[in-house]
Structure formats: C-alpha cells, structure tokens
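Let me begin by presenting the structure, written as structure tokens, before commenting on it.
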Amino acid sequence: MSLLRIRKPKTRKGKKILMAREPQLIESARTMLFVDGRKCGGNVKQCMKDLNQLKKPLVKVLNRKNDITPFDDPSSLEFLTMKNDAALFVFGSTSKKRPDNIVLGRLFENEVLDMFELGIKRYQAISEFKNDKIGACVKPCLVFNGPQWAQTEELRRLRNLFIDTFHREKVESIRLQGVEHVMSFTVTDDMNILLRSYKILLKKSGQKTPRIELEEIGPSADFAIRRTKIASEDLYKQARKQPKQLKEGKKKNISTDALGNKKGRVHMGKQLTGSIQTRRVKALRKTPEEKKENRQKKKVALKTAAAEALAASQ
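The sequence shown runs 1 to 314 under full-length UniProt numbering.
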C-alpha cells in the first residue's frame, strides 16, 4: 500500500479549507506563526509578544514548548506552519551557546525558503515607553537606513523578509492622517541590526502641509546576525514568479516617467484645414476693410495676368 496516497476531503468544510490552501491569483496577507523553543523567556518572550502585537490579527501562537532545532532539522517547523496555514514564522529560544535567540523565516511550497538567526543584544519593550501608542491593525512605513542593505545577498534577503513580515493588504490610496507608524531598520558597520519604532505626530506649521515629528513608542532592539540560510537564486526566482494573468502587457505609445506618471502619445491623420468651413463663425468673419483689400488684390492680379497675356501675343 502506498504511503503517499491522496486523502480526499469527506466534508464540505474540509474541501473549503483545502481549496483555500491552494495557490491563488491574488494571495491574501501572510499569517505569522509564533513557536516557543525548549527554553524561552526574558527578552525573547517579550520580543515575540511585541511582534505579535504589531502583526495582529495575522498571527497564530503556539503556547506549548517545542524541542526544535530549525537549522539542523526544519521538518517539525515546516509541519507546524503547514498545519496552521502560515507562511511566516518566529522561533524563540535561549541556550548557553546562543542566548536570547530569535529565528525569523518564511516558507515556499511548505518548505523553508529563507531563515535568519538573530541574537538580542539589547531590548526595550513597548510597555517600557510611557506614552500614547498607535491603534491596532495599522500598516507601518518601513525605512531601511545604510548602504549595506544592498551590498550582500544575505542583507538583501533579510530586508525583503522584514517587508514580508510587516506587509498587510494592498491599498490603492492612503490619506496623510493614515500614516501613523514608522519602523526604522539600520545596519551598523559591525553588521548589527538596529530596530526602532516611532509614532508620527502631525503638528501645525502655519502652512497647508503639517510639520512632522517622531515619537519613539517601542520596541527598540539591537540584533546581531548569527546564522543565515537563504534559498538558491533559481528557487528564489521561482518563489517570486507572478502568474501570467496578473502581468500587464506592454501598451503601445504609453510610457511611465520616474515619478510614476503615465504619458501617452497620440497619432492623428493629416488635417485638411483649408477645407474647413469657418465663415459661419461670427468671430472669424472678415471685416469690411479686409474684404475691400481682397477685392483690390484680385483686380491687381487680373490686370497683371492680362498684361502678361497681351505681351505674349505680340
């Protein structure tokens, strides 16, 4: 008997769940799974709690401790993410060899695509900032400081992973008051990641555009990059591939400038302006002086033509 047999759903609810897990033309926002390791506490637990608060409601939390080593054997973690229908995960653990350890990762086709191990060197939780916080389900504005983000492939993938982590539903437009939260990621010279979180305050400026101030609301953390596991270039390209139905075909005579403005070129046929009837328009009618001048020009032309004909006959 084959162990890889396909189990068909027996109920309508089960069929609906399996259809929701199939690839979609337009994927919904990704859910993040929070998993505790064999030992998890202190800054690791607080960091996972704050990430859970920033990511809500697209989260699933497993409170039971799991003896998992993601970099040695990720199969257990892949099973948990597939079971909970999550494409992102955060695994927290602490040990003597790697204290205050957090693993961020994402999956593609139920297998780990990218995975980064970050060590917490300093952490300040959201609860330690005694000020007003932002509302729930707010989409943050992400800022990546430093040229190092584009220098190595690992940092480029890590930047892309941060964007996937805090990405929510796509929106067509946004108002100025809707931009409330900024998250800043900075790479230092010793390859540490500095995470800062700010609330945007709109102050009166006496002009149409308000004056903007930033107030730190947490979390504030310093991470050290320990271990990384990134997918090959071919697999990464396959994961980013878009279906043909969503690709926009090239439109003729339409271009887009650097600011995103569309410019079109219109081709028109030959304009026969001489045959257009314009005399009926009152504004374009000739004045009596212009009519008299035209009659004189015609008389001169006739006299000249007659003189030329007489000279030719002699």
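By construction, the Cβ of each residue, glycine as well, lies at the ideal position given by its N, Cα and C atoms. Just so it is clear, the structure is predicted and the values come from calculations on it, not from any experiment.
Backbone CA spacing between residue i and residue j [nearest angstrom]
i, j, result
"K297", "K251", "53 Å"
"G287", "E293", "What sits at residue 287 in the sequence shown is Thr, not Gly. When rounded, the distance between both Cα atoms is 10 Å."
"M183", "R106", "20 Å"
"E208", "L202", "A quick correction: the sequence has Lys, not Glu, at residue 208. Near 12 Å, if we compare the C-alpha coordinates of L202 and K208."
"V90", "N110", "15 Å"
"P219", "C141", "15 Å"
"A305", "H267", "43 Å"
"G264", "I254", "4 Å"
"Q238", "T256", "27 Å"
"A309", "K291", "27 Å"
"K303", "G274", "27 Å"
"Y236", "P243", "15 Å"
"A307", "R285", "33 Å"
"N145", "R159", "11 Å"
"K60", "R211", "38 Å"
"I126", "I217", "6 Å"
"S197", "K16", "39 Å"
"S232", "V171", "31 Å"
"Q177", "E213", "13 Å"
"P74", "D114", "12 Å"
"F108", "M82", "10 Å"
"S95", "S205", "51 Å"
CB contact check: residue i to chain D, cutoff 8 Å
i, result
"E169", "As a matter of chain content, chain D is missing from the structure shown, which is built from one protein chain."
Within 8 Å, strictly: CB atoms of residue i and residue j
i, j, result
"N192", "A224", "yes"
"L88", "R30", "yes"
"N66", "G41", "no"
"F116", "T228", "yes"
"I102", "V44", "yes"
"K56", "A136", "yes"
"L194", "D222", "yes"
"F185", "F162", "yes"
"L62", "M32", "no"
"L104", "V35", "no"
Segment limits, beta strand (DSSP E) that includes residue i
i, result
"G14", "Not the beta strand (DSSP E): G14 falls in the alpha helix (DSSP H), residues 12-21."
"L104", "101-108"
"N63", "59-65"
"R211", "211-216"
"A239", "Run containing A239: none in the beta strand (DSSP E); it sits in the alpha helix (DSSP H), 233-239."
"I225", "220-229"
"N145", "141-145"
"D190", "Premise fails: D190 is in no beta strand (DSSP E) and is neither H nor E."
Local conformation of residue i per DSSP, three classes
i, result
"N52", "helix"
"L259", "coil"
"F166", "coil"
"N84", "coil"
"F71", "coil"
"N294", "helix"
"Q124", "strand"
"T304", "helix"
"K8", "coil"
"F129", "coil"
"V35", "strand"
"A309", "helix"
"E172", "coil"
"K96", "coil"
"S197", "strand"
"residue 316", "Limits of the chain in this structure are 1 at one end and 314 at the other, which puts residue 316 out of reach."
"T186", "strand"
First and last residue of the uninterrupted alpha helix (DSSP H) at residue i
i, result
"K251", "Taken as a continuous stretch (DSSP letters only), K251 belongs to no alpha helix (DSSP H), as it is neither H nor E."
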